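Engineer:
Numbering (the numbering used here), first residue to last: 129 to 322.
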């Protein structure tokens, strides 16, 4: 197996979804692409892909934005991990998380999917839950709003001011987990918010 990392930003394809909370994973990938330098190219695994290194002499990464809808993200993720010969423990899924507050980033490996259908499909396609997740907090729906309606809405005006900082933090968290490992990344990002 290779020491390359597959970093997947979850979201839905199409401009009508591009600024939704559900697409925050893909927004983080755009920030990482800016840091790596280069642009996404179409891959036969139904994803936009950018290969490069995180920093000078840094780890080799494949940044990927599946072109499938969120709930069927598993196919492209599985196909890319096979194509690039990448083990599940070198797969990082960057996704929206309603169970943590907006402006918060948390990291974990394995565990439950918390009702996130994109993660559920990836777990099924990889035949394991043991891949890394960078969970980008989008907060909980207000009142009785349906969760699906909430994540398919754009960020609120007040949130949009802080969104660039959140995307920057999440991109930093991806870099930290790839360079220094999960424990170091958790220590940095989990203690900062307490």
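From the three backbone atoms N, C-alpha and C, an ideal C-beta is built for every residue, glycine too.
Just so you know, these numbers come straight off a predicted model, no measurement behind them.
Here's the rule I'm using: 16 or more other beta-carbon atoms within 10 Å means buried, otherwise exposed. How should residue 304 be labelled?
Structural biologist: Looking at its Cβ environment, which holds 16 or more other Cβ atoms inside 10 Å, residue 304 is buried.
Engineer: Using DSSP bridges, identify the partner residues of residue 170.
Structural biologist: Paired residue(s): 176.
Engineer: Count the other CB atoms, across all protein chains shown, that sit within 10 Å of the CB of residue 292; report buried if there are 16 or more and exposed otherwise.
Structural biologist: Per the 10 Å Cβ criterion, exposed.
Engineer: Among all the DSSP beta bridges, which residues are the ones paired with residue 265?
Structural biologist: Residue 265 pairs with 225.
Engineer: Compare the C-alpha of residue 155 against each of 314, 266, 187 and 252 and name the closest.
Structural biologist: The residue with the shortest Cα to Cα distance from residue 155 is 266.
Engineer: Kindly indicate which residue of 151, 135, 142 and 208 has the alpha-carbon position closest to the one of residue 283.
Structural biologist: Considering only alpha carbons, the answer is 151.
Engineer: Could you tell me the alpha carbon to alpha carbon distance between residue 322 and residue 274, rounded to whole angstroms?
Structural biologist: At residue 322, the pLDDT of 42 sits below 50, so the modelled position is not reliable; the number obtained from the coordinates is stated separately. Taking the straight line joining both Cα atoms gives about 28 Å.
Engineer: Using only the alpha-carbon positions, how far apart do residue 191 and residue 311 sit?
Structural biologist: Rounded to whole angstroms, residue 191 to residue 311 spans 22 Å at the Cα level.
Engineer: With which residues is residue 148 paired in a DSSP beta bridge?
Structural biologist: In the DSSP output, where bridge partners are listed per residue, residue 148 has 282.
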